[in-house]
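Asker: Before anything else, here's the structure in question.
Printed below as a string of C-alpha cells:
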C-alpha cells in the first residue's frame, strides 16, 4: 500500500480556481488462480476479475499478469535446537531461494528466531550479502514463532514503498510457538497492516503424527490462507529446496490487481475486507482464487 497523495496547502493567486488535494491509497492485491488439481492458471484478463471492498465493487486501476512487480521479502528461519541437525540443508536451500528470486528491483532480508528474533541480513538485493549472513546462524533452545512473524511484518512496513510492490514473509519452522511474546492475533494483525503474504514451510517427519501438538501448525495454515500465501508440509529436510521452489513459482505466477481505496468513513481505522471473484460463472466454478482477505485503513 502506498500513500500517493497527501493533503497540503496550495498557494493561490487572485482568480485562481481552488485546488483540493486528497489522500489516495492504491490497494494492491496479489492473486493466485488454481484449478481443481492445484495447478497454477495463467493467461486470464483484467475483465475476468472483480474486486470488492467491504462488499462494494471497486474499479481496477492496475492489472498485471504473471506479475513482475517488485518484491520485498523476509526469510525467517527457525534456529531452535531441533533444527541444528538440518542446518546445512536449510542454509543451502535458503541460498538457492535467494539466487532464484532476487532481481534488481527486489530486496530480501533474513531473520533467525529461537528464544529471540535477530536480523541476520537487512534488506538488500546483493546475493553475496545474503549468502554471508546465512553462513552465520546462531541456535537457541526455544521457538519465538509469533514474535518472528510480528517483527518480519513490522520490517516490511519499512521496506521500499513503490506503489505496486508485493510484500512477502517466508517462514521455515519445525514447530509451534514456545515463547510468551506476541500472540497469534497480534502477529496476524501486523501482517495485515503490512499488506504481507505469509508462506509457511512446516518441517515435520510425519504429517499426521498422533503424538504431535498440531495447534501451532493449524495457526500457521490459517495465517497463510488469510494473508493470501500458502503453506507446505516438508516431510524430509532434503525436500526443503523443492518447497522453496514452489514458493518461487507461486510468486512468479500471480496476478497483480490494484484499486484506489474508497473514502474512509467516520469511526477511525479498522480492518477492511477484500474479496476477489471471477466475473464468469463457469470460471468461478472451475477455479480457486487465493489472495489476502483484508487490510487496515
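Residue numbers (our numbering): 18 to 314.
We put the CB at the ideal spot given by N, CA and C, even for glycine.
1) Between residue 177 and residue 136, which are expected to be in contact by the criterion C-beta below 8 Å, what is the C-beta distance as a whole number of angstroms?
2) Where residue 116 and residue 44 are concerned, what is the direct C-alpha to C-alpha distance, given to the nearest angstrom?
3) Let me know the alpha helix (DSSP H) ranges lying completely inside the stretch 225 to 310, each 4 residues or longer, listed in chain order.
4) For residue 10, I'd like the list of residues in its chain whose CB is within less than 7 Å of its CB, leaving aside the five on either flank, ordered along the chain.
5) For residue 157, which residues does DSSP report across the bridge?
6) For residue 106, which residues in the same chain have their Cβ closer than 7 Å to its Cβ, ignoring the five residues on either side in sequence?
7) Hey, how far is the Cα of residue 67 from the Cα of residue 304?
8) Indicate the three-state DSSP secondary structure (helix, strand or coil) for residue 25 in the structure shown.
9) Need the endpoints of the alpha helix (DSSP H) that residue 169 sits in, please.
10) Between the Cα of residue 199 and the Cα atoms of 163, 212, 232, 179, which residue gives the shortest distance?
11) Use the C-beta contact count for residue 161: other C-beta atoms within 10 angstroms, 16 or more gives buried, fewer gives exposed.
12) Going by beta carbon distance, what residues of the same chain come within less than 8 Å of residue 203, once the five residues before and after it are set aside?
13) According to the neighbour-count rule (16 or more other Cβ atoms, all chains shown, within 10 Å of its Cβ), is residue 190 buried or exposed?
14) Taking only the alpha-carbon atoms, compute the straight-line gap between residue 171 and residue 65 and give it to the nearest angstrom.
15) By the three-class DSSP mapping on this structure, what secondary structure does residue 46 have?
16) Evaluate residue 239 with the Cβ neighbour count: other Cβ atoms within 10 Å of its Cβ, from every protein chain shown; 16 or more gives buried, anything less gives exposed.
17) For residue 202, is the beta carbon positioned less than 6 Å from some heavy atom of the ligand MN?
18) Between the C-alpha atoms of residue 83 and residue 153, what's the straight-line distance to the nearest angstrom?
19) To the nearest angstrom, how far is it from the Cα of residue 261 to the Cα of residue 218?
20) What is the C-beta distance between residue 77 and residue 272, in whole angstroms, given that I count them as a contact (C-beta under 8 Å)?
21) Taking a contact to mean a Cβ-Cβ separation below 7 Å, would you say residue 311 touches residue 209 in this structure?
22) In three-state DSSP terms, what is residue 189?
Answerer: Quick look at the numbers:
1) Residue 177 sits at position 160 when you count from the first residue of the chain shown. Residue 136 sits at position 119 when you count from the first residue of the chain shown. Not a contact, Cβ separation roughly 17 Å.
2) As a working note, residue 116 is residue 99 in the chain shown. As a working note, residue 44 is residue 27 in the chain shown. Distance between the alpha carbons of residue 116 and residue 44: 29 Å.
3) 232 to 244, 257 to 269, 298 to 303
4) Outside the displayed span of the chain (18 to 314) sits residue 10, for which this structure offers no information.
5) Locating residue 157 in the chain shown gives position 140, counting from the first residue. Bridge pairing for residue 157: 97 [DSSP].
6) Here the question's residue 106 lines up with position 89 in the chain shown. If we look at residue 106 and ignore the five residues flanking it on each side, its Cβ neighbours are 254, 255, 257.
7) Against the chain shown, residue 67 aligns to sequence position 50. Against the chain shown, residue 304 aligns to sequence position 287. If I take the Cα positions, the gap works out to 14 Å.
8) As a first step, residue 25 is located in the chain shown; it is residue number 8 there, counting from the start. In this prediction, residue 25 scores a pLDDT of 41, lower than 50, which makes its location untrustworthy; no coordinate-derived value is stated.
9) Translated into the one-based positions of the chain shown, residue 169 becomes position 152. For residue 169, the uninterrupted alpha helix (DSSP H) segment begins and ends at 162 to 174.
10) Stepping through the chain shown from its first residue, residue 199 is reached at position 182. Looking at the Cα atoms, 163 is the closest of the given residues.
11) Within the chain shown, numbered from 1, the residue matching residue 161 stands at position 144. When all chains shown are included, residue 161 counts as buried.
12) On the chain shown, residue 203 is found 186 positions in, with the first residue counted as 1. Cβ neighbours of residue 203 beyond the five flanking positions: 163, 167.
13) The residue given as residue 190 occupies position 173 in the chain shown. Flag for residue 190 reads buried.
14) For this step, residue 171 is matched to residue 154 along the chain shown. For this step, residue 65 is matched to residue 48 along the chain shown. Whole-angstrom Cα-Cα distance: 34 Å.
15) Here residue 46 is taken as the residue at index 29 of the chain shown, counted from 1. Here residue 46 sits in strand by DSSP.
16) As a first step, residue 239 is located in the chain shown; it is residue number 222 there, counting from the start. Answer is exposed; the Cβ neighbour count stays below 16.
17) With respect to small molecules bound, the structure shown includes none, and the ligand MN cannot be examined in it.
18) Within the chain shown, numbered from 1, the residue matching residue 83 stands at position 66. Within the chain shown, numbered from 1, the residue matching residue 153 stands at position 136. Rounded to the nearest angstrom, the two C-alpha atoms are 35 Å apart.
19) Here residue 261 refers to the residue found at position 244 when the chain shown is read from its first residue. Here residue 218 refers to the residue found at position 201 when the chain shown is read from its first residue. When rounded, the distance between both Cα atoms is 8 Å.
20) Start at 1 with the first residue of the chain shown, and residue 77 comes out as number 60. Start at 1 with the first residue of the chain shown, and residue 272 comes out as number 255. Between residue 272 and residue 77 the Cβ distance is about 11 Å, and since that is not below 8 Å, they are no contact.
21) The residue given as residue 311 occupies position 294 in the chain shown. The residue given as residue 209 occupies position 192 in the chain shown. It is a contact, given that the beta carbons lie within the stated cut-off.
22) To locate residue 189, count along the chain shown from 1; it is residue 172. Here residue 189 sits in strand by DSSP.
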